[in-house]
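Throughout, this note's numbering is defined as the position within the sequence shown, counted from one, plus 787. All C-beta atoms in this analysis are idealised placements derived from N, C-alpha and C, irrespective of residue type, glycine included. Below is one structure, written out as structure tokens; comments come after it.
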Amino acid sequence: MDDELARRLFALRDLPHFRRARERDSTATTTVSDFLTGSVDDDAALLVVLEQGAAAAVRSLDGVAHAGITATVDGHPFTVSPTDAVVFALDAQQYDLDDGPCLRALRTHSSLHFSHDEVARLWPPLAALAARAGVDRVHACALTVDGAAAGSVNLYAAGPPLSSAQVEAEDDLVCVLVDHLDTALWSYGRGRDLDAGVRRIGAAMADRRVVGIAVGILMVRDDLDMGEARALLEKAAAAAELPLVDVARRITEDS
């Protein structure tokens, strides 16, 4: 780890939200911060760090069952580092609507909470898909690099609404997570074109994204849960003797 990165990481530990989070739950705070252990020097390293950050959110935040990151290049959003197909499907619905928690957080540089009722009022198609996936609330928080919007962290949770104290605790942990993801993006972007790198990562994940979107379509169309939709997709691919992604692409094109 170089001196500048070490200095930045050390400074994060003195921020008020880091100190509050550590006092409440040192284990969770370690989980959402210690995935960044060194310089992010290439595309593969960036993808690993983003995936580890999303996984850390699921392990550390009460009720959060699915997590991922929306990145944007040339104004076009896409999903990287999802923990599962539910993230692809819910994110894709927001991209189709050109609105939703993740896009609002990204565009307003903010951290936003939405209950299922709020999602249903604002974006009925998203609420329908969220209900199929067992998602009751959404928390999205913007990512930035040197003050410029770079994406958002998208957290999809099950369970009852959080109390005020629980919201404060979650907000502090998410701020710690976002600080370290922002720092990872900063580390990767030194001396290279960040947009070009994110674009390459998006292309590498294209097949996974198509499959995830197809699973979401089947969940809504056929009133299935994620496991049932994935099994149906795999059965269709086997019957057609085609790769899974080819069948998934047909479903997305026909929808």
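Local Cβ density within 10 Å of residue i, reported as buried at 16 or more and exposed below that
i	result
residue 800	exposed
residue 865	buried
residue 1030	exposed
residue 996	buried
residue 954	exposed
residue 897	exposed
residue 806	exposed
residue 888	buried
Cα-Cα separation between residue i and residue j, rounded to whole angstroms
i	j	result
residue 861	residue 980	13 Å
residue 932	residue 1023	43 Å
residue 815	residue 809	8 Å
residue 906	residue 1020	28 Å
residue 812	residue 802	16 Å
residue 796	residue 993	32 Å
residue 1015	residue 1008	12 Å
residue 1027	residue 1037	12 Å
residue 965	residue 915	28 Å
residue 890	residue 930	11 Å
residue 951	residue 961	15 Å
residue 823	residue 939	18 Å
residue 1002	residue 928	25 Å
residue 899	residue 925	8 Å
residue 1010	residue 982	37 Å
Beta-carbon spacing of residue i, residue j below 8 Å
i	j	result
residue 833	residue 975	yes
residue 972	residue 937	yes
residue 854	residue 845	yes
residue 819	residue 963	yes
residue 909	residue 857	no
residue 944	residue 851	yes
residue 999	residue 911	no
residue 1039	residue 1004	yes
residue 1006	residue 919	yes
Cross-strand partners of residue i (DSSP beta bridge)
i	result
residue 903	Looking at the DSSP assignment, residue 903 forms no beta bridge with any residue, so it has no partner.
residue 930	938
residue 943	853, 925
residue 864	859
residue 898	928
Residue i beta carbon near the ligand ADP (any heavy atom closer than 7 Å)
i	result
residue 908	Among the components of this structure there are no ligands whatsoever, and the ligand ADP is therefore not found.
| field | Contact the region 861–881 vs the region 829–849: 3+ CB pairs below 8 Å | value | yes
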